[in-house]
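> Per the UniProt record's numbering, the very first residue in the sequence shown carries number 1; after that it's consecutive.
Where a beta carbon is used, it is the ideal one built from N, C-alpha and C, also for glycine.
This structure is a prediction, so every number in the text was calculated from the model and none was measured.
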Amino acid sequence: MAQLIEKTVVMDAQAIQRALTRIAHEIVEKNKGTKDLIIVGIRRRGVPLAERLSKIINDIEGVKVPIGILDITLYRDDLSHMSYQPLIQETQISEDITNKTLVLVDDVLYTGRTIRAALDALIDLGRPKKIQLAVLIDRGHRELPIRADYVGKNVPTATREAIEVRLLDTDDCEKVFIGEYTK
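1) Is there at least one non-hydrogen atom of the ligand ZN closer than 7 angstroms to the beta-carbon of C173?
2) Roughly how many whole angstroms lie between the Cα atoms of L136 and E61?
3) Is the region 95 to 115 in contact with the region 125 to 143, if contact means three or more CB pairs nearer than 8 angstroms?
4) Given a cut-off of 8 angstroms, decide if E180 and I5 are closer than it, judged by their beta-carbon atoms.
5) Within this structure, are the beta carbons of I69 and T91 separated by less than 8 angstroms?
6) Have a look at V176 and R166 and give me their C-alpha separation to the nearest angstrom.
7) Pick out whichever of P145, V105 and L74 has its Cα sitting closest to the Cα of I67.
8) What's the gap between the Cα of K35 and the Cα of I42?
9) Run the CB neighbour count on T98, radius 10 Å, all protein chains shown included, and call it buried at 16 or more, exposed below.
10) N154 lies in the beta strand (DSSP E); which residues open and close that run?
See below:
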(Lines of atoms letter the chains of each structure in order from A and count residues from 1; the text may use other names and numbers.)
(Lines give C-alpha, C1' and ligand atoms only; values in the text may rest on other atoms or scores of the structure.)
Protein backbone atom coordinates (compact mmCIF):
# COMPACT_ATOMS: atom_id res chain seq x y z
CA MET A 1 0.00 0.00 0.00
CA ALA A 2 1.38 3.40 -1.00
CA GLN A 3 2.06 5.87 1.77
CA LEU A 4 2.10 9.66 1.46
CA ILE A 5 5.46 11.10 2.51
CA GLU A 6 5.54 14.79 3.47
CA LYS A 7 8.06 16.76 1.39
CA THR A 8 7.39 20.46 1.89
CA VAL A 9 5.06 22.41 4.17
CA VAL A 10 3.52 25.23 2.10
CA MET A 11 1.18 26.69 4.73
CA ASP A 12 1.21 26.55 8.51
CA ALA A 13 -1.73 27.43 10.79
CA GLN A 14 -0.99 31.17 10.65
CA ALA A 15 -0.72 31.17 6.85
CA ILE A 16 -4.05 29.31 6.58
CA GLN A 17 -5.71 31.87 8.87
CA ARG A 18 -4.24 34.81 6.92
CA ALA A 19 -5.40 33.31 3.59
CA LEU A 20 -8.93 32.75 4.92
CA THR A 21 -9.08 36.29 6.29
CA ARG A 22 -8.02 37.69 2.91
CA ILE A 23 -10.56 35.51 1.08
CA ALA A 24 -13.33 36.63 3.47
CA HIS A 25 -12.51 40.29 2.75
CA GLU A 26 -12.48 39.57 -1.00
CA ILE A 27 -15.88 37.84 -0.81
CA VAL A 28 -17.43 40.81 0.99
CA GLU A 29 -15.82 43.30 -1.39
CA LYS A 30 -16.72 41.45 -4.61
CA ASN A 31 -20.33 40.97 -3.49
CA LYS A 32 -20.67 44.49 -2.07
CA GLY A 33 -21.62 43.08 1.32
CA THR A 34 -23.38 39.92 2.43
CA LYS A 35 -26.93 40.34 1.11
CA ASP A 36 -28.29 37.06 -0.33
CA LEU A 37 -24.96 35.31 0.29
CA ILE A 38 -24.69 31.64 1.31
CA ILE A 39 -21.40 29.84 1.90
CA VAL A 40 -21.47 26.15 0.94
CA GLY A 41 -18.70 23.78 1.97
CA ILE A 42 -18.00 20.58 0.05
CA ARG A 43 -17.66 17.61 2.38
CA ARG A 44 -15.03 16.95 3.90
CA ARG A 45 -12.53 19.74 4.39
CA GLY A 46 -14.55 22.36 2.54
CA VAL A 47 -17.03 22.38 5.43
CA PRO A 48 -14.71 23.61 8.21
CA LEU A 49 -13.20 26.13 5.77
CA ALA A 50 -16.72 27.41 4.97
CA GLU A 51 -17.50 27.67 8.69
CA ARG A 52 -14.31 29.65 9.27
CA LEU A 53 -15.07 32.00 6.37
CA SER A 54 -18.56 32.63 7.74
CA LYS A 55 -17.12 33.43 11.18
CA ILE A 56 -14.52 35.80 9.74
CA ILE A 57 -17.18 37.58 7.65
CA ASN A 58 -19.32 37.87 10.79
CA ASP A 59 -16.35 39.45 12.57
CA ILE A 60 -15.87 41.90 9.67
CA GLU A 61 -19.47 42.78 8.83
CA GLY A 62 -21.42 41.82 11.96
CA VAL A 63 -23.63 39.55 9.83
CA LYS A 64 -23.88 35.78 10.15
CA VAL A 65 -23.74 34.37 6.63
CA PRO A 66 -25.66 31.09 6.32
CA ILE A 67 -23.58 27.94 5.79
CA GLY A 68 -24.52 24.87 3.78
CA ILE A 69 -22.92 21.45 3.60
CA LEU A 70 -22.79 19.71 0.22
CA ASP A 71 -22.22 15.99 -0.34
CA ILE A 72 -21.25 15.34 -3.97
CA THR A 73 -20.75 11.56 -3.76
CA LEU A 74 -23.58 10.64 -6.13
CA TYR A 75 -22.51 13.30 -8.64
CA ARG A 76 -18.92 12.09 -9.08
CA ASP A 77 -18.00 10.96 -12.60
CA ASP A 78 -15.78 8.17 -11.23
CA LEU A 79 -18.48 6.55 -9.07
CA SER A 80 -18.70 3.44 -11.27
CA HIS A 81 -14.90 2.97 -11.09
CA MET A 82 -14.67 2.94 -7.30
CA SER A 83 -13.59 -0.37 -5.82
CA TYR A 84 -15.37 0.33 -2.53
CA GLN A 85 -18.88 1.27 -1.50
CA PRO A 86 -18.84 5.07 -1.10
CA LEU A 87 -20.23 6.61 2.08
CA ILE A 88 -23.09 8.92 1.19
CA GLN A 89 -23.78 11.70 3.66
CA GLU A 90 -26.56 14.23 3.82
CA THR A 91 -26.47 17.57 2.06
CA GLN A 92 -27.55 20.22 4.53
CA ILE A 93 -28.55 23.55 3.04
CA SER A 94 -31.39 25.03 5.07
CA GLU A 95 -31.74 28.18 2.96
CA ASP A 96 -33.49 28.33 -0.41
CA ILE A 97 -30.64 28.88 -2.89
CA THR A 98 -32.82 30.31 -5.66
CA ASN A 99 -31.63 33.79 -6.68
CA LYS A 100 -28.87 33.71 -4.04
CA THR A 101 -25.12 34.13 -4.45
CA LEU A 102 -23.41 30.93 -3.38
CA VAL A 103 -19.75 30.73 -2.46
CA LEU A 104 -18.72 27.11 -2.94
CA VAL A 105 -15.74 26.22 -0.72
CA ASP A 106 -13.23 23.38 -1.08
CA ASP A 107 -9.73 22.74 0.19
CA VAL A 108 -7.85 21.93 -3.06
CA LEU A 109 -8.69 22.70 -6.68
CA TYR A 110 -7.01 20.18 -8.95
CA THR A 111 -8.65 18.67 -12.06
CA GLY A 112 -11.95 20.50 -11.58
CA ARG A 113 -14.01 17.30 -11.45
CA THR A 114 -15.05 17.74 -7.81
CA ILE A 115 -16.28 21.25 -8.57
CA ARG A 116 -18.17 20.04 -11.65
CA ALA A 117 -19.94 17.48 -9.45
CA ALA A 118 -20.69 20.17 -6.86
CA LEU A 119 -22.20 22.44 -9.51
CA ASP A 120 -24.47 19.62 -10.68
CA ALA A 121 -25.54 18.94 -7.09
CA LEU A 122 -26.29 22.62 -6.44
CA ILE A 123 -28.31 23.04 -9.63
CA ASP A 124 -30.48 20.11 -8.53
CA LEU A 125 -31.34 22.13 -5.39
CA GLY A 126 -32.41 25.34 -7.12
CA ARG A 127 -31.33 28.11 -9.45
CA PRO A 128 -28.82 30.39 -7.75
CA LYS A 129 -28.22 33.87 -9.13
CA LYS A 130 -24.48 33.26 -9.06
CA ILE A 131 -22.01 30.60 -7.90
CA GLN A 132 -18.49 31.61 -6.92
CA LEU A 133 -15.64 29.30 -5.96
CA ALA A 134 -13.24 29.71 -3.02
CA VAL A 135 -10.37 27.27 -2.49
CA LEU A 136 -7.53 27.20 -0.02
CA ILE A 137 -5.10 25.73 -2.60
CA ASP A 138 -5.08 25.81 -6.40
CA ARG A 139 -2.54 23.28 -7.62
CA GLY A 140 -3.25 23.47 -11.35
CA HIS A 141 -3.55 20.46 -13.72
CA ARG A 142 -7.13 21.28 -14.72
CA GLU A 143 -9.05 18.78 -16.85
CA LEU A 144 -12.18 20.93 -17.02
CA PRO A 145 -12.55 24.68 -17.67
CA ILE A 146 -13.04 25.66 -14.03
CA ARG A 147 -11.37 28.58 -12.25
CA ALA A 148 -11.57 29.73 -8.64
CA ASP A 149 -12.78 33.25 -7.81
CA TYR A 150 -10.89 33.23 -4.49
CA VAL A 151 -7.61 31.38 -3.91
CA GLY A 152 -5.67 31.14 -0.68
CA LYS A 153 -2.45 30.05 -2.39
CA ASN A 154 -1.41 28.84 -5.83
CA VAL A 155 0.90 25.83 -5.45
CA PRO A 156 2.21 24.47 -8.75
CA THR A 157 2.86 20.74 -8.43
CA ALA A 158 4.02 17.79 -10.47
CA THR A 159 1.29 15.27 -11.24
CA ARG A 160 3.09 12.63 -9.16
CA GLU A 161 2.86 14.90 -6.12
CA ALA A 162 -0.12 15.38 -3.82
CA ILE A 163 -1.32 18.37 -1.83
CA GLU A 164 -2.54 17.43 1.62
CA VAL A 165 -4.62 19.85 3.69
CA ARG A 166 -4.80 19.04 7.38
CA LEU A 167 -7.17 20.97 9.63
CA LEU A 168 -7.67 20.68 13.36
CA ASP A 169 -11.41 20.21 12.72
CA THR A 170 -10.79 16.97 10.78
CA ASP A 171 -7.18 15.95 11.41
CA ASP A 172 -4.43 15.95 14.00
CA CYS A 173 -2.78 19.23 12.96
CA GLU A 174 -3.15 22.43 10.94
CA LYS A 175 -0.99 22.67 7.81
CA VAL A 176 -0.82 22.20 4.05
CA PHE A 177 2.00 20.19 2.57
CA ILE A 178 3.23 18.74 -0.70
CA GLY A 179 3.75 15.02 -0.47
CA GLU A 180 4.71 12.13 -2.67
CA TYR A 181 3.42 8.58 -2.57
CA THR A 182 5.90 5.77 -1.95
CA LYS A 183 5.58 2.59 -3.97
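Well, looking at it:
1) This structure does not include the ligand ZN; it has no bound ligands of any sort.
2) 22 angstroms
3) yes
4) yes
5) yes
6) 6 angstroms
7) V105
8) 22 angstroms
9) exposed
10) Y150 to N154
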